[in-house]
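Structure record follows, encoded as C-alpha cells.
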Amino acid sequence: MNDMGALATLPAAEFSAAASLAPPLPAPPPASTPRVSILLLCYRDAAYIRAAIDSAFAQTVACEIIISNDCSDDGTFELAVEQVAAYRGPHQVSVRRTASNRGVTAHFNEVMALASGDIIVMMAGDDIAYPQRVATILDAFGRAPQAMVLGSDFDGIDTDGSPVRISFRQRPERYEFDYYVRIGRLIGLLGATLAFRRCVFDRFGPLLGPIEDNALSLRGALLGQSLCLRQPLIQYRRHSGSVSGTVFARDEPREVAMRRRYERTVQFYRGTADDLDACLRQIPDLPAKKRRLAEQVLAMYRIEAQAREAILLQPRWRWIGPVMRGLAQRGLRRKSAERALKLLIPRAWFGLR
C-alpha cells in the first residue's frame, strides 16, 4: 500500500483496501444479486465519521464502499484513511477527497462517476446505518421491480448518539407526482435514507441544483416509483453542522434564520425544478397523465421559488404575480391564499426585516 502520509497530501487522494485476512462476516452475494455501491459522503464529520464507517463495514451484504470527503479541514479525511487502512473484511473499500469543496450535489455527481454498483446506497458521515440496511434495500427492490428510488424511516439521535425525537412530517409509502399535488408540499424522501437504481442517474446525467434528495425522488417517480420503507434503517443525527441544519438554518439566530432559510429554499426549489425540467425533456414518450402531473409539480417548484424570492427581495406589489399564479395552480392554492395575507401585515411579523 502507498505511504499514508503522501496520500493525505494529494488533492484528490485515493486508495483501496480489499477483502483479505480475517474470515469474512457476510457471504459474497450470488451472481444474480445486484452489485451495491455505498457512497459515504462526509464533510466536517470528524466527531462522527468512525461510527459511520463502522456501520458501513457492518453491512451483511458485501459492497463496494466509497468514502469521499468534500475537502473539509477538520481531520475527517485523515481519520477515514486511518480506519480504512486497518480494515480487513469482505467489502471493497476506498477513501478519497475532492480537490476543493464542491457542495452537496457536485460532490455527489463526482463520486457517482467512480461507483460501479447497480444499486447505489447513500450514507452521510454523521449517520449510522443498521447492519441489515443494504440487505433490506435489496429485498425491497427485488419485490418491487417498478421501484427506482427507496427511502426509509429512521431513528433520530443527537450529537452524543442518544435517542432524540425529530419532527418530520409523516412520509407516505409512495412518492408519486399526484402526492405532491394533492398535499401541496414539495417534500421528497429524506436524502440520508436514499438508495436508487443506477439508471436513475445514468438515464438523465448529473443532478442539477444544490441538494440531491428531491431531485432523486422526482427522477424515481418519472422512471417508475419512489417508495418509502416503513422500517427504520438508519440512525439520523441532528446537529448544528448537519446538511439539513445548514440548508434550513435551523440553528441560526432568529434574526437571520428566516432570511437565510428563504434564500436557501429559493435555490433549492429552483435547482430541483431545473433538474425535473431537464429530465422531462429527455422523455418525450412519457405517458400523458404522468407528464401532466409532472408538469404541475414543476410549476409548483417554479412558483414557490418566485414567490419566496419576491417576498425576500421585491416590493409588495411584485408579490402579486406569484401569488396569483399560485392561486391558479392546483396544489398551491391554499398556500398562496395564506401568502396573500402577508401583503397586509408587516414583514417583521413573519420573520423578515
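Counted the way UniProt numbering counts, the sequence shown spans residues 1 to 353. The beta-carbon is built from N, C-alpha and C at its ideal position, and this holds for glycine as well. Remember, it's a predicted structure, so these values are computed and weren't measured experimentally.
Helix, strand or coil at residue i [DSSP, three-state]
i, result
"Gly191", "helix"
"Pro284", "coil"
"Arg102", "coil"
"Phe196", "strand"
"Arg185", "coil"
"Ile166", "coil"
"Phe248", "Confidence is the limiting factor: at Phe248 the pLDDT is only 49, short of 50, which leaves the residue's position unreliable, though a coordinate-based value still follows. Phe248 falls in the coil class under three-state DSSP."
"Arg291", "helix"
"Arg219", "helix"
Residues bridged to residue i [DSSP beta-bridge criterion]
i, result
"Phe154", "Ile234"
"Arg174", "Leu227"
"Glu64", "Ser37 and Gln92"
"Cys42", "Asn69"
"Met148", "Bridge partners of Met148: none, in fact."
"Met123", "Leu40"
"Ile128", "Gln235"
Neighbourhood of residue i by C-beta distance below 7 Å, restricted to the same chain and skipping five residues each side
i, result
"Lys335", "Gly184 and Gly326"
"Ile283", "Leu222"
Spatial neighbours of residue i in its chain, beta-carbon cut-off 8 Å, leaving aside the 5 residues before and after
i, result
"Leu233", "Ala129, Tyr130, Gln132, Arg133, Thr136, Ile137, Ser152, Asp153, Phe154 and Thr193"
"Ala340", "Val323 and Leu327"
Length of the line joining the Cα atoms of residue i and residue j
i, j, result
"Val266", "Arg330", "20 Å"
"Pro11", "Thr98", "Below a pLDDT of 50, predicted positions are generally treated as unreliable, and Pro11, at 38, falls in that range; the measurement from the model is reported next regardless. Cα to Cα, Pro11 sits roughly 7 Å from Thr98."
"Leu150", "Cys228", "6 Å"
"Ile66", "Arg50", "14 Å"
"Tyr175", "His107", "25 Å"
"Leu298", "Phe201", "19 Å"
"Ala328", "Ile303", "11 Å"
Selected residue, minimal CA-CA separation from residue i, among the options
i, options, result
"Leu293", "Tyr87, Asp178, Gln314 and Gly205", "Asp178"
"Glu295", "Thr272, Arg171 and Ser94", "Thr272"
"Ala288", "Leu222, Cys199 and Tyr236", "Leu222"
"Asp118", "Asp54, Met148, Ala278 and Lys342", "Met148"
"Ser116", "Leu218, Gly205 and Ile38", "Ile38"
Own chain residues within Cβ distance below 6 Å of residue i, not counting five before or after
i, result
"Lys290", "none"
"Asp158", "Val164"
"Ala310", "Arg318, Trp319 and Pro322"
"Cys71", "Arg97, Thr98, Ser100 and Asn101"
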